[in-house]
Amino acid sequence: MRRMVRKVRLLLLCSLLMGTLAAFPPMVVEVSAYTGNHDETFIDGSFIDESVSNITGIGSGAISLPHREFDLQGYEYMSGGGSELDIVGNLAYIIDYKTLYIYNISEVTSPDLLSTTTITATSAYADMDIVGGLLFIPTESGLSIYNISNPALPTLTKKYDLGNRSYQVIVENDVAFVACYREGIKILNVSDPEAVISIANYTYMVDKAYALDLHGTTLYLGEETGFQIIDVSDIYNPSQISQVATAIGAASVLAVGNLFAFRASQQVCLFDISNPASPESISNVTGNYHCFDIISNMLFRAQDVFDIVNITIPEHPVKIFQHQRIEGYGPYRDFVFTNEFICFTGDSAVIEIYRCRNVTEYWYQYEPFAVVQSDPLFETYNEDDIIVDVTLQVDAYIPASTSIVYYASARNGSYWNEVLPDVKYNFYARGEQLKWRAELHSSSYSTSPIIYSINMTCTAHIPSPELDEPLSDTTLDTNTPSFDWYSLEFAVAYLLQLDTTVSFDSEDLVNLTLTASEYLVTESLDDGKWYWRVAGIDETGQVGEFAPTRAFTINTGAGTGTSTGTTLLPPDFMTYAIIGGVLIAAVVIAVAVKRRKK
């Protein structure tokens, strides 16, 4: 099938003030977008100029594709089915209470049963582990180890009584971590499977240990009433990093990067663990499921159905796919991805194999980030906010039943504001990065919106200075008043405006360009009400934000004077440049730092 793709160009134009104004070439990322065909979608990205060091990165993903049915390749029906599945190479290992099945699945259309072995009774939903030629199985009384070097004839090596039922085992570097219900976590030396040695028993504040996940020296424990994060760098003395109490237990747990997930009653709960000492709840993905996995920002869940939830934005999970199990069969209990296939085990059928054509690459939500960061501006001078005007220009196709939501953030993506295309928004950035994001939705799962291009224009400028004197609504008895305000670090000059109207558009308007942050009027002003305001000017001629207007009244009884001054028309807020023969608005950034009074 011919691949139908359209290249999406994401154009970010920027100029940053770093000592002197420097204009950098635009950067382009190309993304293959879905246009209606069910063929595969690929992602490729490149920078025009990778030497632009102040650009921290642009990330992109493919547009989410619509619904695609699974193609059943082969299944094996047997009474009882399976509850736990693991795959190593072309061999599938399945356990169901007292039985171990081993299949050769090199021919996916006809799985070949190699052996059926009676094993020690396992706990409900026991989660095994395979290391080398050994199979570790949690049991009703502890742990059993089987030699599976000959898959046609597995043999029991040893079984160990751990004092209680166990639910999950993880083996790494000859150390086994066992979730042992009321006994907490048993840590065992299994370098010699026939002579297992106890290393430690972690029970600190454990409320019935159910599930485990291990990453490096950090162990994640699912309990009856929540979960723990444990430091196991010293396996002889594990120590708690944090514990989170929840209203529901964690029957299975999984950590992926800074995201932690656990399965509980009727939902999968997502937590931010970027600070493992203080996990923060993000969202709950509702639905009753026996098993789940997370791959490439996709949450896969299975029970009576198998579905895919896009959690690229974990605060807003979006279900994008659902597959119904064969009618009359019971629920799925476990699943594993392998190459372009997905294998299930569950009630009624020991193994089902579906072709899913790289499902982990297939279901993406479009989430590009344009990140602009200037080290001197955003990291060194961070005491005052930078005022940034942001506008998104978008070329997109949005068919019926679909939508696109756009966001912008001036807080490194920690907080997002929803924005509309072609509308200018003001952001205040302080020592952080500016990002944008597009979120695609489809309610029918049969079509997809398409973004052809996004152009982000941002203009940052000097904020308003703080006015000092004269105070607002002050009455003065002199026709030559003095004005004073707080200076701005990056202002090379100031625009002082005086007028008899608050709109600053009368014939009496006085425009003064000054290098100091104070001014004494030398030409007399008329008696009456006056208005004044000040804005900073950077070295490029950009006029920043005006301070809030103040009013004052001159009452000397002298009558009419003369209003004169040096007239200065404020320059346009945008600087224009020719790039590639096209007139564009370039981004100009200046910043105010620590205020000081002259």
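Its first residue numbered 1227, the sequence shown is counted upward by one per residue in the numbering used here.
Glycine included, each C-beta is placed from N, C-alpha and C at the ideal position.
The beta strand (DSSP E) spanning Trp1642 covers which residue range?
No beta strand (DSSP E) holds Trp1642; DSSP gives it neither H nor E.
Output the boundary residues of the beta strand (DSSP E) element that contains Asn1415.
Ile1411 to Asn1415
Of all the options Val1511, Asp1519 and Ala1528, which has the alpha carbon lying nearest to the alpha carbon of Ile1539?
Val1511
Mind checking whether Asn1514 and Gln1548 have CB atoms under 9 Å apart?
It is not a contact, given that the beta carbons lie outside the stated cut-off.
I'd like the list of long-range same chain contacts for Gly1300, defined as Cβ closer than 6 Å, with 5 residues on each side in sequence excluded.
Val1334, Thr1335, Ser1336, Pro1337 and Ile1579
Boundaries (first-last residue) of the beta strand (DSSP E) holding Gly1572:
Phe1567 to Gly1572
Asn1536 - containing beta strand (DSSP E), residue span
It spans Val1531 to Asn1536 - the beta strand (DSSP E) in which Asn1536 sits, taken as one unbroken run.
Three-state secondary structure (DSSP) of Ile1780:
strand
In terms of residue numbering, what span does the beta strand (DSSP E) encompassing His1441 cover?
Ala1437 to His1441
Please go through the same chain and pick out, in chain order, the residues whose beta-carbon is closer than 8 Å to the beta-carbon of Gly1783, but skip the five residues on each side of it.
Asp1753
Tell me the DSSP bridge mates of Met1206?
Given that the chain is displayed from residue 1227 to residue 1824, the structure contains no residue 1206 and the question cannot be resolved.
Roughly how many whole angstroms lie between the Cα atoms of Tyr1641 and Val1494?
23 Å
Quick check: the Cα distance between Leu1326 and Ser1341, rounded to an integer number of angstroms?
8 Å
DSSP bridge partner residues for Arg1663 (one or two, in chain order):
Tyr1633
Assumed close pair Ile1413, Ile1461 - CB separation to whole angstroms, cut-off 8 Å
In this structure Ile1413 touches Ile1461 by the C-beta definition: roughly 6 Å separates them, less than 8 Å.
Any idea if Val1576 is buried or exposed, counting beta-carbon neighbours within 10 angstroms, 16 or more meaning buried?
buried
Would you kindly work out how many angstroms separate the C-alpha atoms of Glu1310 and Phe1561, rounded to a whole number?
8 Å
Nearest to Ile1411 (by Cα), restricted to the options Ser1392, Val1422, Asn1399 and Pro1419:
Ser1392
Within the region 1689–1766, ranges of the beta strand (DSSP E) (whole runs, at least 3 residues)
Assignment of beta strand (DSSP E) within the region 1689–1766, counting only whole runs of 3 or more residues, yields 1693–1695, 1700–1702, 1708–1711, 1719–1725, 1736–1740, 1744–1746 and 1754–1763 in chain order.
Should Ala1455 and Ile1474 be called a contact, given that it needs their Cβ atoms to be closer than 9 Å?
In the sequence as presented, Ala is not what sits at residue 1455; that position holds Ile. It is not a contact, given that the beta carbons lie outside the stated cut-off.
Which two residues bound the contiguous beta strand (DSSP E) that contains Gln1394?
Start and end: Gln1394 to Glu1398.
Note down, in chain order, each residue of its chain lying with its Cβ closer than 8 Å to the Cβ of Pro1502, except the 5 sequence neighbours on either side.
Thr1444, Ile1455, Ile1467 and Ser1468
Under the DSSP definition of a beta bridge, which residues are partnered with Lys1324?
Lys1324 pairs with nothing; no bridge assigned.
Length of the line joining the Cα atoms of Ala1421 and His1441
26 Å
Asp1387, buried or exposed, once every other Cβ within 10 Å from all chains shown has been counted against 16:
exposed
Thinking just about the alpha-carbon of each residue, which of Thr1472, Cys1517 and His1516 is nearest to the one in Phe1497?
Thr1472
Measuring only the C-alpha atoms, how far is Leu1247 from Ala1437?
Below a pLDDT of 50, predicted positions are generally treated as unreliable, and Leu1247, at 24, falls in that range; no measurement from the model is reported.
Which residue from Thr1775, Phe1532, Tyr1372 and Glu1765 puts its Cα closest to that of Gly1556?
Phe1532
Kindly indicate which residue of Leu1721, Lys1755 and Asp1734 has the alpha-carbon position closest to the one of Leu1740.
Residue Leu1721 holds the alpha-carbon nearest to the alpha-carbon of Leu1740 among Leu1721, Lys1755 and Asp1734.
Look up Arg1408 in the DSSP assignment and say whether it is helix, strand or coil.
coil
So who's on the other strand from Ser1507, going by DSSP bridges?
Phe1497
Where does Arg1391 fall in DSSP's three states?
coil
For Gly1389, which residues of its own chain have a beta-carbon under 6 Å away from its beta-carbon, when the five flanking residues on both sides are left out?
Glu1409
Taking Phe1488 as the reference, which of Ile1552, His1516, Ser1367 and Glu1553 has the closest Cα?
When Ile1552, His1516, Ser1367 and Glu1553 are compared, the shortest CA-CA separation from Phe1488 is found for His1516.
Rounded to the nearest angstrom, how far is the Cβ of Leu1339 from that of Pro1377, given a contact under 8 Å?
Not quite, the Cβ-Cβ distance comes to about 10 Å (not below 8 Å), so this is no contact.
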